[in-house]
Amino acid sequence: MGVIRAVVKGYGHYLPERVVENAEFAETLDTSDEWIRTRTGIERRHFAAEGQKTSDLAVEAAKAALAKAGMKASDLDAIILATATPDQTFPSTATRVQHAIGMKGGFAFDIQAVCAGFIFALANANGMIQSGQAKTVMVIGAETFSRILDWEDRTTCVLFGDGAGAIILQAEEGTGTGADRGVLSTDLNSDGRFNDLLYVDGGVSSTGTTGVVRMQGQEVFKHAVSKLAACGDTALHKAGLTAGDLDWIVPHQANLRIIKRTAQKMGISMDHVVVTVQDHGNTSAASIPLALSVAASRGQIKEGDLLLLEAIGGGLTWGAAVLRW
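800 is the number of the first residue of the sequence shown in the working numbering; add one for each residue after it.
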């Protein structure tokens, strides 16, 4: 019996022009290129220009994804944009993207699950396509985290970067087996008890200010490895597959040590892990779609490859998705 699958039809990404090497931080902070590389694997990241907004980055990624898919904005039924750094308190950044690319119909909205945002957005898009609510959905992750960093805190400001990535999903009939292309399963989780491990110390209804990122790095690290491995295994089980079936893990690009430890815990060789953290830093919700687009553009990910996507972020929120490219 056939089922509806949400199949990737296009992808794209955008990175701001300004590249910030680790050495730049050493000019103002008690840190060094070696310190940052050793602890995070990060070598450089991109920062948005003055006046460049999250929507600006998202629009460029959206245009690239449409071009890759050979589609027009009018072919889209919906845009779901994951971000923790929206242009405005309201309306959604997604509606600004919708207007900018010339999409006059359908609907657009934001999702906020911080670094896990793209997985949550992907799961929502998949559900809408499977239910018939939409046929073609663009899923975007876009962030300007440079706007919410404490430049005197060397434990956080060196970690993050700005960027955007997008994919286009479209309904196709599948066989209902793991051999189908498209989203095969998702697994979403959150636990608000861990709010104080990773958060921004401001907000509309609390301080009336934007605030900056605060993080208990070691605690986040411990939760990340165990939770990412567990939700990855759960997503694979839901799809009727195992880690041995995977061609690639495409993890949230936050920290190379987390990536390596999670792969090890799942029994996956690093030869099968997409790594871009060295060039982008942690771009939060943009992390996974950026990595997908970069890896696909350089021929690393090919049509038919089985992927496991996984991410964890503030909340804590975490999730995984199994996707055949």
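In this text, a Cβ means the ideal position worked out from N, Cα and C, and glycines have one as well.
Specify, as a first and last residue, the run of the alpha helix (DSSP H) that residue i falls within.
i     : result
I835  : D832 to T839
T853  : T853 to A868
V980  : Residue 980 is actually Arg in this sequence, not Val. Run containing R980: none; DSSP gives neither H nor E here.
A872  : Premise fails: A872 is in no alpha helix (DSSP H) and is neither H nor E.
H1051 : It is not in any alpha helix (DSSP H) - H1051 carries neither H nor E in the DSSP assignment.
Around the Cβ of residue i, are there at least 16 other Cβ atoms within 10 angstroms (buried) or fewer (exposed)?
i     : result
K1026 : buried
S891  : buried
Q911  : buried
K1133 : This structure leaves residue 1133 out entirely; the chain is present only between 800 and 1124.
T752  : As shown, the chain starts at 800 and ends at 1124. That puts residue 752 outside it, with no answer to give.
R804  : buried
I1070 : Rather than Ile, the amino acid found at residue 1070 in this sequence is Asp. Classification of D1070: exposed, given that the 10 Å Cβ count is below 16.
V1003 : exposed
H812  : buried
S873  : exposed
E1109 : buried
E859  : buried
How long is the line joining the alpha carbons of residue i and residue j, rounded to whole angstroms?
i     : j     : result
I967  : D829  : 43 Å
A1062 : T839  : 16 Å
T837  : V936  : 39 Å
T894  : G1118 : 25 Å
K871  : L865  : 6 Å
G743  : D1046 : Because the chain in this structure spans residues 800 to 1124, residue 743 falls outside the shown range and cannot be described.
A792  : V1073 : Limits of the chain in this structure are 800 at one end and 1124 at the other, which puts residue 792 out of reach.
W1124 : A978  : 11 Å
D961  : T888  : 19 Å
A963  : E942  : 6 Å
L1035 : R1097 : 26 Å
R980  : G1007 : 45 Å
R1056 : I1067 : 14 Å
S989  : E833  : 34 Å
G850  : Q1017 : 34 Å
D876  : G1031 : 29 Å
K1064 : L1105 : 19 Å
Y810  : N1054 : 24 Å
C914  : T884  : 11 Å
G1043 : A924  : 27 Å
Identify the continuous beta strand (DSSP E) that holds residue i and give its terminal residues.
i     : result
A1120 : T1116 to R1123
V807  : V802 to Y813
E816  : No beta strand (DSSP E) holds E816; DSSP gives it neither H nor E.
F846  : R843 to F846
Give a single yes or no on whether residue i has its beta carbon closer than 7 Å to a heavy atom of the ligand GTP.
i    : result
I835 : Here there are no bound small molecules, and the ligand GTP is not part of this structure.
Does chain B have any CB closer than 8 Å to the CB of residue i?
i     : result
A1120 : Structure shown: chain B not included; a single protein chain is present.
With contact counted as at least three CB pairs below 8 Å, one residue from each stretch, are the segment 1073 to 1086 and the segment 842 to 854 in contact? yes
Below 8 Å, how does it come out for the segment 986 to 1001 and the segment 1112 to 1122: are there three or more Cβ pairs, yes or no? Contact check between the segment 986 to 1001 and the segment 1112 to 1122: three or more CB pairs, one atom from each, fall below 8 Å, which counts as touching.
Mind pulling the alpha helix (DSSP H) runs of 4 or more residues that sit fully within the segment 894 to 976? Fully enclosed alpha helix (DSSP H) runs of 4 or longer: 916 to 930.
Mind the definition here: the segment 914 to 934 touches the segment 813 to 821 only if three or more C-beta pairs lie below 8 Å; say whether that holds. no
So does the segment 1092 to 1101 actually touch the segment 1017 to 1036, counting three or more Cβ pairs closer than 8 Å? Taking a contact to require three or more Cβ pairs closer than 8 Å, the segment 1092 to 1101 and the segment 1017 to 1036 do not qualify as touching.
Contiguous alpha helix (DSSP H) assignments of at least 4 residues, all confined to the segment 1053 to 1114: 1055 to 1065, 1076 to 1079 and 1086 to 1096
Between the segment 971 to 985 and the segment 1087 to 1096, do three or more beta carbon pairs fall short of 8 Å? no
Entirely enclosed alpha helix (DSSP H) segments - the segment 1000 to 1046, minimum 4 residues: Those alpha helix (DSSP H) runs which fall completely within the segment 1000 to 1046 and span 4+ residues are 1016 to 1037.
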